Structure formats: C-alpha cells, structure tokens
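Numbering (this note's numbering), first residue to last: 1 to 219.
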Amino acid sequence: MAKKNEIGIIGLGKFGFSLGSALTNLGHDVVGVDLDPEHIRRAQDKLSHVYQADATDEKALEQVGIKELDRVVVSTGESMEASILCVLNLQALGVEKIWVKAISEEHERVLYKIGVPYVVFPEAFVAFQLAHRLATPGIQDYFGMGQDVVTREVLIGKWAGKTLRDLNLTNEYHVQVVAYRKSGEAQFSFVPEANRPFEEGDVMVLIGKTSDVMKIDKF
1 MAKKNEIGII GLGKFGFSLG SALTNLGHDV VGVDLDPEHI RRAQDKLSHV YQADATDEKA
61 LEQVGIKELD RVVVSTGESM EASILCVLNL QALGVEKIWV KAISEEHERV LYKIGVPYVV
121 FPEAFVAFQL AHRLATPGIQ DYFGMGQDVV TREVLIGKWA GKTLRDLNLT NEYHVQVVAY
181 RKSGEAQFSF VPEANRPFEE GDVMVLIGKT SDVMKIDKF
C-alpha cells in the first residue's frame, strides 16, 4: 500500500473536487482551500479539512497551514493570473512539491518558467489519450490495465550528475525510465541515453509495478 499523504488542493471546482474525492477514497488526507462558499459546502463532508480562504493572499495560505502539507495542487479555475499568484505565494512559503492545473499552453509555459515542477493539462492529456485509442485500436495507456502498472514523475535532486547507468534502476528497483524533461522545459524526450547525466530540476518518468515504483523515495 502506498504511503498515506497530506495533500492540499487549492480550488475546489470540478477538477479540484474530483481529485480531492479520488485521493480521499485512496486513503489520503486532503485539505481543500477555496473562496467560494458553495464549493466549501460541497467538499466539507468529503475532504479531511476544508478552509474558505483567498489563495492569492499569502497570509491566508500560511494561516491554514498549507506549507506543512506533503504536496499541494493548484486548480484555481480559469484565472491564469490567480493561478500564478497562488504559485508564487506557495513558493514564498517554502512549498516545494507543487502541482498546477494549466488552462492553456501559454499558462503551461509560464508555470514551467517560474519553476513549477509538475504541470497538469487535463483536457490536452485526455484528448491525446483518446486520439491514440481511436486511431490505433488495442493501444491503452498504462493506467487501468489491471496489471498494477503505473508511471511516476520524479524531480531530480540528489541524483543530479548521475546517469541511468549509474542509477541502475532496472536491477535495483525493477523499474524503467521511459522519458525525461529538462529543467525549465515543457516538452518530454523519450528513451533517454544510458550515459546522459541528469541535472537538478530535471524530471524523469518511471514505469513499473506500483510497489516497485513507490519504493523509490530519494531522488
């Protein structure tokens, strides 16, 4: 079983609420933050803790203890300005593991430029998956295959300067690295070279069984 985490979700609209509900069902503690009282009422019986607060106010985020959480997801609706301001507040508070829902390609590029390690573009991701399934019957993504196979993005820190050959992940953890993204860039490259050294801030994508992938906790 995966480690239980405390995860913050800023913005409890359709995506944020659905994500929070799914994480709760997986056994994690979820702290929701939103300014809309209707969103608060809907989420208060589902999430562990819910706070009505303005995420563009750094002091408000500090008061709800957002910096104490393991991870924080920003899903602030259609306002690119509010999303970016929220991210800057989280960074100022020392939050490192930040996921942000992007609303456009421009938004995505800005988020990477200001140092957000994980950017989610749900509409583009779903469209990509569906297009491939429609165009090539029989191809499925790794999620939901019924074989306990997952992919995981990891942000390079202690592994900076090391190569895939040095890390020896296949033999040590029984996982494979299928893609990587250089720090500050939006696009992934696939099948990294065994002798290519990773840099701090790079992101690699691992694939393997859930139990094997989750054993890796220092990277």
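C-beta: ideal position from N, C-alpha, C; glycine also. These figures come from a predicted structure and were not determined experimentally.
| Asked | Found |
| --- | --- |
| Strand pairing of Asp204, partner residues [DSSP] | Looking at the sequence provided, one finds Met at residue 204 rather than Asp. Partner(s): Val154 and Tyr180. |
| Alpha-carbon spacing of Thr170 relative to Glu199, whole angstroms | 20 Å |
| Segment contact flag, the segment 103-122 with the segment 67-84, C-beta cutoff 8 Å, min 3 pairs | yes |
| Completely contained alpha helix (DSSP H) runs for the segment 19-99, where each covers 4 or more residues | 37-43, 58-63 and 80-92 |
| Cβ neighbours of Gln52 in the same chain (closer than 6 Å, five flanking residues each side left out) | Ile40 |
| Secondary structure of Ser104, DSSP reduced to three states | coil |
| Beta-carbon proximity check, Gly32 vs Ala43, cutoff 7 Å | yes |
| Integer-rounded CB distance, given that Leu206 should sit under 8 Å from Thr163 | So it is not a contact: roughly 15 Å between Cβ atoms. |
| For Phe121, the three-state DSSP class (helix, strand or coil) | coil |
| Rounded separation between Lys61 and Pro37 - CA only | Before going on, a small fix: residue 61 reads as Leu here, not Lys. Those two C-alpha atoms are separated by around 17 Å. |
| Three-state class that DSSP yields for Ile190 in the structure shown | In the sequence under discussion, the amino acid at residue 190 is Phe, which differs from the Ile named in the question. In the structure shown, Phe190 sits in a strand (DSSP, three-state: E or B). |
| Pairwise C-alpha distance: Ile7 and Gly65 | 11 Å |
| Start-to-end residues for the alpha helix (DSSP H) that takes in Glu172 | Leu169 to Tyr173 |
| Proximity of Leu217 and Val175 at Cβ, strictly below 7 Å | The sequence given here has Asp at residue 217, not Leu. Cβ atoms of Asp217 and Val175: not closer than 7 Å. |
| Inter-residue spacing [alpha-carbon to alpha-carbon] between Ile9 and Thr210 | 23 Å |
| Terminal residues of the alpha helix (DSSP H) in which Val116 lies | Neither: Val116 is in no alpha helix (DSSP H) and is coded neither H nor E. |
| CA nearest to the CA of Arg165, picked from Glu185, Pro192 and Leu12 | Pro192 |
| Contacting residues, own chain, Cβ-Cβ under 7 Å from Asp54 (five flanking each side not counted) | Leu35 and Ala60 |
| C-alpha gap between Asn195 and Glu108, whole angstroms | 30 Å |
| 7 Å CB neighbourhood of Gly161 in its chain, flanking five on each side removed | Pro197 |
| Which of helix, strand or coil DSSP assigns to Lys14 | helix |
| Proximal residues to Gly13 (C-beta, below 7 Å), its chain only, five neighbours per side dropped | His39, Ser75 and Gly77 |
| Beta carbon of Ala186 nearer than 7 Å to that of Tyr112 | yes |
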